[in-house]
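Numbering (the working numbering), first residue to last: 361 to 664.
This is the structure in structure tokens:
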């Protein structure tokens, strides 16, 4: 059983022989990237404007679609997490002999790819799957719009940038992406599982669960970025540092935004609805009836 799982997650020829290229990988061209992102923004904005013009105040009934989407994303994220974890272990096993010459440890490899690393092999296969899964996350935006929630610039910007960064990870073989994918898919497995849990009517947490998960993730990423920079200076260079700089700036900006809302919530006694709204902007919103759920969250927090 274990050997079968390892085969399908790290030893299958498609995984081992993967190579990121414009001829072999769907969505791997710059033209595709700069077409897909504006198209997503245009469709979401157009849908929002149509609902606004017709002044449809009630949410569009989506039935079980959001719940099925949440369950699907939780399972996909779990598979990506397991796949890249097993593949990373296989890469460490197969290349340990080479690392001894450069005095590189597995921990250093997780943070800092050696210069000249190419986007091919097991780890980059799962990085590519993660990149493709980012497009499935975009359906959350349309659920938000149809649920008559406010569509903000930050929501569109955040989703677009995450796709852009996933593309850069592959295009420039960026260091740190293994740890980033591991932590992100672990978070998504928990968050989307929680969304599915609440979508089918089971009780939710008595605190802003999704936002707290996001803060933990961003905090861990910040610490890891410091580690990457340290290794880049001490080890003579890490691969894909240009893309890493963009990633660091984005994570820093989002972390500061979260801290701003946390200060407002805990120091100025602002209501929980604001924090839940922030979670929606980051693709972390709840399901179909936001007004009702905000009331439930507030009541539950008072009971804690």
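Think of the CB as a built atom: it goes at the ideal place given N, C-alpha and C, for glycine as much as any other residue.
As assigned by DSSP and simplified to three states, the class of residue i
i	result
residue 480	strand
residue 641	At residue 641, the pLDDT of 41 sits below 50, so the modelled position is not reliable; the number obtained from the coordinates is stated separately. Note: residue 641 maps to helix in three-state DSSP.
residue 494	helix
residue 508	coil
residue 379	strand
residue 424	coil
residue 470	helix
residue 579	helix
residue 388	coil
residue 519	helix
residue 361	coil
residue 534	coil
residue 599	coil
residue 418	coil
residue 412	helix
residue 561	coil
residue 445	helix
residue 592	helix
residue 429	helix
residue 585	helix
residue 369	helix
residue 475	coil
residue 465	coil
Per-residue burial, residue i [other beta carbons within 10 Å of its own, 16 or more giving buried]
i	result
residue 386	exposed
residue 596	exposed
residue 474	buried
residue 483	buried
residue 398	exposed
residue 523	buried
residue 362	exposed
residue 516	buried
residue 537	buried
residue 448	buried
residue 377	exposed
residue 369	buried
residue 471	buried
residue 613	exposed
Cα-Cα separation between residue i and residue j, rounded to whole angstroms
i	j	result
residue 577	residue 495	20 Å
residue 402	residue 520	12 Å
residue 673	residue 556	Residue 673 falls outside the range modelled here, since the chain spans only 361 to 664, and no answer is possible.
residue 535	residue 454	19 Å
residue 451	residue 465	12 Å
residue 571	residue 615	11 Å
residue 364	residue 442	13 Å
residue 497	residue 575	19 Å
residue 562	residue 550	15 Å
residue 502	residue 396	15 Å
residue 381	residue 389	8 Å
residue 553	residue 493	16 Å
residue 406	residue 510	13 Å
residue 432	residue 469	31 Å
residue 542	residue 507	31 Å
residue 600	residue 476	9 Å
residue 413	residue 427	28 Å
residue 487	residue 430	21 Å
residue 504	residue 619	24 Å
residue 545	residue 409	33 Å
residue 373	residue 531	22 Å
residue 421	residue 481	43 Å
residue 366	residue 446	7 Å
Expected contact under 8 Å - CB spacing of residue i and residue j to nearest Å
i	j	result
residue 604	residue 588	6 Å
residue 611	residue 592	Not really, about 16 Å apart at Cβ, beyond 8 Å.
residue 489	residue 424	That belief does not hold up - the Cβ atoms of residue 489 and residue 424 are roughly 25 Å apart, past 8 Å.
residue 533	residue 456	Going by Cβ atoms, the distance from residue 533 to residue 456 rounds to 20 Å, so no, they are not a contact pair.
residue 528	residue 606	6 Å
residue 375	residue 485	5 Å
Any C-beta of chain D under 8 Å from that of residue i
i	result
residue 453	Annotation note: the requested chain D is absent from the structure, which comprises a single protein chain.
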